[in-house]
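Asks: Here it is, the structure, as structure tokens.
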Amino acid sequence: MRVAMIGTGYVGLVSGACFSDFGHDVVCVDKDAGKIERLLNGVMPIYEPGLDTLVEKNVKAGRLSFTTDLKEAVPGCDAVFIAVGTPSRRGDGHADLSYVYAAAEEIAHAIDGYTVVVTKSTVPVGTGTEVSEVIKKARPDFVEGEHFSVASNPEFLREGAAINDFKRPDRVVVGTEDEKAVHVMRELYRPLFLNETPILFTSRSTSELIKYAANAFLATKITFINEMADLCEKVGADVQQVAKGIGLDGRIGSKFLHAGPGYGGSCFPKDTLALTKTAQDYGSPVRIVDAVVEANDLRKKSMAGRVIEAMGGSASGKTVAILGLTFKPNTDDMRDSPAIDIVNMLKDAGATIRAHDPEGMEEAEKLLGSEKITYCEGPYEAMDGADAAVIVTEWDAYRALDLTRVKELLSAPVLIDLRNVYRPEMMTEAGFRYRSIGRG
Ligand code: UDX
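Quick note on the numbering used here: the sequence shown kicks off at 125 and runs consecutively.
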């Protein structure tokens, strides 16, 4: 099969590289000439484990190429994926679909034979229909089902594990009821038949909603356990055991029950908000997701208060070591990371920050600036002379810290562990004033 992937952001690049690794001919397109230039030189625009070798391998095999020229990439393709960004629109929280529609129009003009146009970007219910309208408007001679079809094919990739998630997914969801399109999509995902991955064919709007429902459900699970964690602290219970105790019930499941500083990233915050907006528009509010959005925002904002409390009630003139800036480990992504609120609020309260992150410091500096923040080479350097250390992201580098050295470096032995990486008894024994999440 021949595939064009429009947009070489996180989703487009990973999906394009993986489809080429399945044996398809893939051309990845992006308007950003600098990005394409770097990709042609083997430089990845994002940090994702294994991506560089996957790209190199498939470029060498002649199955994967990069270009800025959409008009050249689209003709002859069986499927063209739209994988451009759908950020939250400023002001109203709706997904901004202008990039999706602009891509659809350009694709329409370039199509030269039956092509399936697939939305991979996360798009609200009804967008597939809009995409189809855009194509028909650009090419009034086109008949849907004969010259083109529009399918929805949401991604469920986790940053840091995206390649594995693409190649060994729990399921693939394809939204189209057109037989020709079903055939093309089946062929594209044929390599997954080997490991019997369920491929769910649904209507377009069902598929679009599945993506939002999945992310909102996961965000709800996290928020639920985060609120349980707060309650655990008040009643002297242990949230890790609560999570285990409920997670062993097959109806609940053990995943996504790890309490922390609140979810972040490029998907959950944006998608939960967009879902609430769509639901409001249709007069069918999803109150539980409204509550999740609000609770998570409040949670992220409350984390700095915990740090200040652990330092004795004031941050004024204090230095705080922040370990981990990205929204989760194994990514350089800072989008909606809890670290943003924590750092800004600590600074506002008069603290100076010494920060470290294994991959995210460049992105962090762009977002947080460098006023009152020193970006440090390693975790120990960050903790040198600090009044407290805060683990914000559970990178492996912070999982086995030399506690004797940490105690010597810190001016007070205060460690706030927002990811429950360490055991409280062990930390107390080692002489720390240790605060974690939801453990008594
Ligand atoms: C998510 C979805 O998992 C993926 O299916 C979708 O396509 C895109 O959004 P991602 O944003 O990469 O993927 O990260 P994920 O691993 O899901 O974590 C999201 C956030 O939730 C992170 O901030 C993480 O730290 C937090 N989280 C996750 C918790 O606080 N507790 C958990 O138990 C799990």
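For glycine and all other residues, C-beta sits at the position ideal for the given N, C-alpha and C.
#1: Have a look at Ala203, Thr251, Asp508, Arg543 and flag the residue whose alpha-carbon is nearest the alpha-carbon of Ala219.
#2: CB of Leu342 to nearest heavy atom of the ligand UDX: below 7 angstroms?
#3: Would you mind sorting Gly131 into buried or exposed? The rule is 16 or more other CB atoms within 10 Å of its CB.
#4: With C-beta atoms as the reference, is Ala521 less than 8 angstroms away from Arg478?
#5: Going by DSSP in three states, Ile477 sits in which element: helix, strand or coil?
#6: Would you mind working out which of His480, Arg529, Pro537 sits nearest Tyr499, comparing C-alpha positions?
#7: Any heavy atom of the ligand UDX closer than 7 angstroms to the Cβ of Asn339?
#8: Considering only C-alpha positions, which residue in the set Arg563, Val545, Leu527 is nearest to Gly555?
#9: What ranges does the beta strand (DSSP E) occupy inside the stretch 171-244, keeping only unbroken runs of at least 3 residues that lie completely in it?
#10: Use the C-beta contact count for Asn544: other C-beta atoms within 10 angstroms, 16 or more gives buried, fewer gives exposed.
#11: Which residues in the same chain as Met550 place their Cβ atom closer than 7 angstroms to its Cβ, once the five residues preceding and following it in sequence are excluded?
#12: Please report the distance separating the alpha-carbon of Glu201 from that of Arg459.
#13: Can you check whether the CB of Met427 is closer than 8 angstroms to the CB of Pro453?
#14: Along the chain, where does the beta strand (DSSP E) that runs through Leu534 open and close?
#15: Spatial neighbours of Ala262 within its chain, please: CB distance less than 7 angstroms, with the 5 preceding and 5 following residues excluded, ordered by chain position.
#16: Since Leu281 contacts Val135 with CB under 8 angstroms, what's their CB separation in whole angstroms?
#17: Thinking just about the alpha-carbon of each residue, which of Asp541, Thr326, Glu283, Gly284 is nearest to the one in Asp302?
#18: From this set, Arg214, Ala286, Val297, which residue's C-alpha is nearest Thr243's C-alpha?
#19: Note down, in chain order, each residue of its chain lying with its Cβ closer than 7 angstroms to the Cβ of Glu279, except the 5 sequence neighbours on either side.
#20: Check for me: the alpha helix (DSSP H) holding Asp405 runs from which residue to which?
#21: Exposed or buried, Ala439, counting other C-beta atoms within 10 Å across all chains shown (16 or more means buried)?
#22: Distance, Cα to Cα, Ile497 vs Ala475?
#23: With burial defined as no fewer than 16 other Cβ atoms inside 10 Å of the residue's Cβ, what is the status of Gln364: buried or exposed?
#24: List the residues that DSSP assigns as beta-bridge partners of Ala275.
#25: Assuming Tyr546 is part of the alpha helix (DSSP H), what are its boundary residues?
#26: Less than 8 angstroms separating the beta-carbons of Ala340 and Val247?
#27: By a C-beta neighbour count over all protein chains shown, 10 Å radius and 16 as the cutoff for buried, is Ser273 buried or exposed?
#28: Please classify Ser378 as buried or exposed, where buried requires at least 16 other C-beta atoms within 10 Å of its C-beta.
#29: Whose C-beta lies closer than 7 angstroms to the C-beta of Met435 among residues of the same chain, with five residues either side of it excluded?
#30: Could you tell me if the beta carbon of Phe392 falls within a distance shorter than 7 angstroms of some heavy atom in the ligand UDX?
#31: Spatial neighbours of Ala141 within its chain, please: CB distance less than 7 angstroms, with the 5 preceding and 5 following residues excluded, ordered by chain position.
#32: Taking the Cβ atom as the reference point for each residue, do Glu601 and Asp456 lie within a distance shorter than 8 angstroms?
#33: Measure how close the beta-carbons of Arg328 and Gly299 come, nearest whole angstrom, since I'm counting them as under 8 angstroms.
#34: Using only CA atoms, which one of Glu483, Phe146, Ser494 lies nearest to Arg314?
#35: Using 10 angstroms around the beta-carbon of Arg559, count the other beta-carbons present and answer buried if the total reaches 16, otherwise exposed.
Replies: From the atom records:
#1: Nearest to Ala219 by C-alpha distance, out of Ala203, Thr251, Asp508, Arg543, is Thr251.
#2: For the ligand UDX, at least one heavy atom lies less than 7 angstroms from the Cβ of Leu342.
#3: It is buried - the Cβ of Gly131 has at least 16 other Cβ atoms within 10 Å.
#4: Not in contact: Ala521 and Arg478 (Cβ atoms no closer than 8 angstroms).
#5: In the structure shown, Ile477 falls within a strand segment according to DSSP collapsed to helix, strand and coil.
#6: When only C-alpha atoms are compared, the closest one is His480.
#7: Correct: Asn339 has its Cβ closer than 7 angstroms to the ligand UDX.
#8: The closest CA to that of Gly555, considering only Arg563, Val545, Leu527, is found on Leu527.
#9: Assignment of beta strand (DSSP E) within the stretch 171-244, counting only whole runs of 3 or more residues, yields 188-191, 203-206, 239-243 in chain order.
#10: Per the 10 Å Cβ criterion, buried.
#11: Excluding residues within five positions, none has a Cβ falling inside 7 angstroms.
#12: Looking at the sequence provided, one finds Cys at residue 201 rather than Glu. When only Cα atoms are considered, Cys201 and Arg459 end up about 33 angstroms apart.
#13: Note that the C-beta distance between Pro453 and Met427 is not below 8 angstroms.
#14: Going by DSSP, Leu534 is part of no beta strand (DSSP E) at all; its letter is neither H nor E.
#15: The answer, listed in chain order, is Glu229, Ala232, His233.
#16: Contact between Leu281 and Val135 is confirmed by a C-beta separation of about 7 angstroms, below the 8 angstroms threshold.
#17: Closest by alpha carbon: Thr326.
#18: Answer by Cα proximity: Val297.
#19: Counting only Cβ-Cβ distances below 7 angstroms, and skipping sequence neighbours, we find Val135, Ser139, Lys244.
#20: 392-405 is the span of the alpha helix (DSSP H), which, as asked, contains Asp405.
#21: Counting every other CB atom within 10 Å of its CB across the protein chains shown gives Ala439 a total of 16 or more, marking it as buried.
#22: Between the alpha carbons of Ile497 and Ala475 lies a gap of roughly 9 angstroms.
#23: Sixteen is the threshold: when 16 or more other Cβ atoms of the shown chains lie within 10 Å of the Cβ of Gln364, as they do, the residue is buried.
#24: According to DSSP, Ala275 bridges with Val242.
#25: Unbroken run through Tyr546: none, as it is neither H nor E.
#26: Taking 8 angstroms as the Cβ cut-off, Ala340 and Val247 do not qualify as a contacting pair.
#27: Around the CB of Ser273, 16 or more other CB atoms lie within 10 Å, so the residue is classed as buried.
#28: With fewer than 16 other Cβ atoms within 10 Å, it is exposed.
#29: Cβ-Cβ distances below 7 angstroms link Met435 to Lys442, Asp511, Ala512, Val538 in the same chain, with the five nearest sequence neighbours on each side left out; the list follows chain order.
#30: The ligand UDX has a heavy atom closer than 7 angstroms to the beta-carbon of Phe392.
#31: Sequence-distant Cβ neighbours of Ala141 in its own chain, meaning closer than 7 angstroms and more than five residues away, are Leu175, Leu178, Val179, Asn182, Leu188.
#32: Summary: the structure shown does not reach residue 601, with the chain confined to residues 125 through 564, and so no result is reported for it.
#33: With a Cβ gap of about 4 angstroms, Arg328 and Gly299 count as contacting.
#34: Of the candidates Glu483, Phe146, Ser494, the residue whose Cα lies closest to the Cα of Arg314 is Phe146.
#35: Buried, because 16 or more other Cβ atoms sit within 10 Å of the Cβ of Arg559.
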